[in-house]
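Since the structure comes first, as structure tokens, the remarks are kept for the end.
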Amino acid sequence: MVSQFDINKLFEHLEQAAVNLDEIHYLHFADAMLEFSNSFAFLGRALSMAFSDITSKAAIIKNNFQGSQFTGLQSMISDEIRRGVERFHQDDHHASTARTILRLMWFFDFLRQLIINFSTHLDWKMSKCVSEAYDDAFGPHHPWPVRMAAKVGIKTVPNREEYGRRLLGDISLERQLELFNRMLELSSPIREALWNFYKRNNLTELP
Numbered sequence: 001m002v003s004q005f006d007i008n009k010l011f012e013h014l015e016q017a018a019v020n021l022d023e024i025h026y027l028h029f030a031d032a033m034l035e036f037s038n039s040f041a042f043l044g045r046a047l048s049m050a051f052s053d054i055t056s057k058a059a060i061i062k063n064n065f066q067g068s069q070f071t072g073l074q075s076m077i078s079d080e081i082r083r084g085v086e087r088f089h090q091d092d093h094h095a096s097t098a099r100t101i102l103r104l105m106w107f108f109d110f111l112r113q114l115i116i117n118f119s120t121h122l123d124w125k126m127s128k129c130v131s132e133a134y135d136d137a138f139g140p141h142h143p144w145p146v147r148m149a150a151k152v153g154i155k156t157v158p159n160r161e162e163y164g165r166r167l168l169g170d171i172s173l174e175r176q177l178e179l180f181n182r183m184l185e186l187s188s189p190i191r192e193a194l195w196n197f198y199k200r201n202n203l204t205e206l207p
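Take the UniProt record's numbering: the last position of the sequence shown gets the number 207, and nothing is skipped along the way.
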């Protein structure tokens with residue numbers, strides 16, 4: 001059963017995750033990703049399935065921190081670098097936090113661009129908002145089968161009005177844009193802090 005999207009929980013988790021941007025709290029970050037993932041149910045089943053691994057990546061983060069002395073993403077990743085396991089993935093019987101977070105950062109980039117498209121290009125269809133965001137931020141990192149699945153899913157997304165109503169309820173377009181901009185406002189500092197950390201530590205090209 002798909003969990004219901006709760007925008008207030010999303011805002012709360014983003015706010016808590018950003019309390020210390022040098023040590024982004026893993027649990028609030030992972031729970032924010034889960035709320036974002038829940039929102040994809042309103043873009044249609046096909047597209048929701050194309051992004052279903054976001055849920056598993058959030059679970060990996062929570063699992064990696066179980067029993068750990070760390071609570072901040074940056075400390076955990078720095079420890080993985082020290083131990084030489086930052087490149088590990090599930091085929092190595094351990095999915096590193098560093099590698100997992102990088103993939104969620106691509107997701108963050110996609111969400112950022114989607115919100116910008118929706119909020120600033122009011123004449124665009126919803127499918128174009130999603131397609132442009134996917135091509136810019138997520139598609140280059142996906143293998144061909146996933147890209148094709150996403151493209152098929154994008155063709156089935158509801159129109160702008162229906163998406164906004166499903167996601168946020170029966171509110172005005174002005175209020176919808178306020179809420180989307182709040183998402184952007186709260187998520188941008190986290191996104192920027194992580195990308196800066198990854199660039200400083202040469203982690204942006206992890207396989």
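No residue lacks a Cβ here, since even glycine has one placed at the ideal position from N, Cα and C.
Source: prediction; values computed, not measured.
The DSSP assignment places no complete beta strand (DSSP E) segment of no fewer than 3 residues inside the segment 70–138. In the displayed model, H142 falls within coil according to three-state DSSP, outside both helix and strand. Nearest neighbour of Y163 by Cα position, chosen from T204, F118, F107, turns out to be F118. Spatial neighbours of T100 in its own chain (CB-CB distance under 8 Å, excluding positions within 5 residues in sequence) are listed in chain order as K57, I60, I61, N64.
For the 7 Å CB-CB criterion, R166 and F42 form a contact. Rounded to the nearest angstrom, the Cβ distance from A17 to F5 is 17 Å, too far for a contact under 8 Å. DSSP places I54 in the uninterrupted alpha helix (DSSP H) bounded by 53–65. In the DSSP annotation of this structure, the continuous segment of the alpha helix (DSSP H) that includes H13 starts and ends at 7–17. Nearest to D123 by C-alpha distance, out of R160, H142, H89, M105, is R160.
According to DSSP, residue pairing for H25 in a beta bridge involves G72.
Taken through DSSP and simplified to helix, strand or coil, D31 comes out as helix. Between M105 and R191 the beta-carbon gap is near 7 Å, inside 8 Å, which marks them as a contact.
Taking the CA atoms as reference points, D31 sits about 15 Å from F40.
Restricting attention to A150, E132, S96, the CA atom closest to the CA of S75 is found in S96. A straight line joining the alpha-carbon of L114 with that of P189 spans about 17 Å.
Boundaries of the alpha helix (DSSP H) around G164: 160–168.
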